[in-house]
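Below is one structure, written out as structure tokens; the observations come after it.
Numbering (my numbering), first residue to last: 2 to 203.
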């Protein structure tokens with residue numbers, strides 16, 4: 002179901018209002034993820050690797066990890082409003098930062114609306130085509146279970162996390178486009194050489 006511009010604007014304003022207290026941190030995280038400084042990729046890779054190495058050494062159970070994650074989340078949510086003045090100059094908020102914050106909020110709003118649209122789509126299909134819904138969902142869940150059984154779960158989560166946090170920076174630097182162009186031109190040259198070789202043999 003398509004949403005009107007008014008609904009999109011309302012969702013944007015609501016999310017912006019909800020994230021307003023966190024805007025300094027959000028802008029900082031966005032800068033890190035987009036590799037605005039050259040050492041950010043190494044810092045991201047090092048922090049995530051150290052975190053997963055710690056989890057691997059501690060060998061915590063799933064319940065314990067969830068409990069500790071929830072504990073840190075609650076403490077961070079409680080302490081951040083009190084300590085943010087130490088780390089951020091909240092009175093010095095520039096127009097560029099506001100524009101960056103609005104761009105981030107706009108992206109998050111679009112992601113949220115897409116998730117809601119997929120959620121509605123799934124349950125509409127559940128009502129209209131229950132057999133297709135059950136077969137499709139069962140297939141995806143079985144594939145996920147098979148992947149989890151074949152590969153080490155900690156390694157899998159590490160690779161997924163690295164891929165997710167590195168993707169914005171890779172995209173921002175245009176590395177994917179550069180690799181695609183370079184690989185594409187190399188593949189094209191090889192195909193042309195093979196055609197020329199085939200013509201000579203004929």
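Cβ coordinates follow ideal geometry from the N, Cα and C atoms, glycine included.
Please read all numbers here as calculations on a predicted model, not as lab measurements.
- Within the same chain, no residue comes within 6 Å of residue 88 by CB-CB distance, once the 5 residues on both sides are set aside.
- For residue 139, the uninterrupted alpha helix (DSSP H) segment begins and ends at 131-151.
- If you ignore the 5 residues before and after residue 57, its C-beta comes within less than 8 Å of the C-beta of 155, all in its own chain and listed in chain order.
- The C-alpha of residue 193 is placed about 56 Å away from the C-alpha of residue 74.
- For residue 164, the enclosing alpha helix (DSSP H) starts and ends at 154-173.
- Secondary structure of residue 78 (DSSP, three-state): helix.
- Under the 10 Å beta carbon count, residue 50 is surrounded by fewer than 16 other beta carbons and is classified as exposed.
- Scanning 48, 105, 143 and 86 for the CA closest to the CA of residue 169 turns up 105.
- Per DSSP, the continuous alpha helix (DSSP H) segment holding residue 42 begins and ends at 41-59.
- Residue range 24-34 is occupied by the alpha helix (DSSP H) that includes residue 32.
- In the same chain as residue 129, and ignoring 5 residues on each side of it, no C-beta atom comes closer than 8 Å to its own.
- The continuous alpha helix (DSSP H) containing residue 13 extends over residues 6-20.
- The C-beta distance from residue 102 to residue 24 rounds to 5 Å, short enough to meet the 8 Å contact threshold.
- Here the stretch 36-54 lies against the stretch 153-167, with 3 or more beta-carbon pairs under 8 Å apart.
- The residue from 77, 171 and 12 with its alpha-carbon nearest to that of residue 46 is 171.
- Pairwise C-beta distances place the stretch 104-119 in contact with the stretch 6-15, as three or more of them are shorter than 8 Å.
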